[in-house]
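Below: one structure, written as C-alpha cells.
Residue numbers (full-length UniProt numbering): 1 to 155.
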C-alpha cells in the first residue's frame with residue numbers, strides 16, 4: 001500500500017472544510033429550519049448506521065465500492081444534464097440515487113479505514129488519515145444535501 005504523507009494535507013483539509021461550510025451556509029439559507037433539521041438528523045442516523053455496518057461486516061465491500069464510484073459518476077452526469085432540463089421528477093430520482101450511493105460509500109469508506117488501520121498496525125500516516133477523513137466528510141455532506149433536496153421546503 002502506498003503511503004500518503006504530506007505536511008500540507010491537514011491545513012488544506014481545514015481550508016476546504018471552511019470554504020465548504022461557507023458555501024453550505026448559503027445553500028441552507030434557502031430552506032426552512034425544520035427541513036434542514038430533518039435532513040441533518042436523518043443524515044446523521046444513516047451515517048452512523050452505515051458506518052457501523054462498514055466497520056463490523058465481514059463481507060468485502062471493495063466490489064461494491066467500484067460499483068458505487070461508477071454510479072457516482074453517472075449521478076454527476078445526470079445532475080449536470082438536469083441543470084439544463086430542470087425536471088422536478090428527474091431531480092427527485094437523482095436525490096434518491098444520491099441517498100443510496102452515498103449511504104453505500106459510507107459503509108465502504110469505513111471498511112477501507114478499518115483495512116488501512118489494520119494493515120498499518122495502527123500507525124496511519126497523516127496524509128492517509130486526512131484522505132480518509134475527507135472521504136467520510138464528503139460522503140456525509142452529499143448524503144445530507146441529497147436528503148435536504150428530498151425533505152426540503154424553500155422559505
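Even for Gly, the Cβ is constructed at its ideal location relative to N, Cα and C. In this text, all values refer to a predicted model and were calculated from it rather than measured experimentally.
By alpha-carbon distance to residue 65, the top candidate from 123, 89, 116, 106 is 106. Counted as a single uninterrupted DSSP element, the stretch harbouring residue 31 is not any alpha helix (DSSP H), since DSSP gives it neither H nor E. The Cβ atoms of residue 135 and residue 98 lie no closer than 7 Å to each other. The Cβ atoms of residue 144 and residue 38 do not sit closer than 7 Å to each other. Approximately 5 Å separates the beta-carbon atoms of residue 61 and residue 108; this is inside 8 Å, confirming the contact. Judged by DSSP in its simplified three-state form, residue 7 adopts coil rather than helix or strand. Contact annotation, residue 101 with residue 68: C-beta distance approximately 6 Å; criterion of less than 8 Å satisfied. Around the beta-carbon of residue 45, fewer than 16 other beta-carbon atoms lie within 10 Å, marking it exposed.
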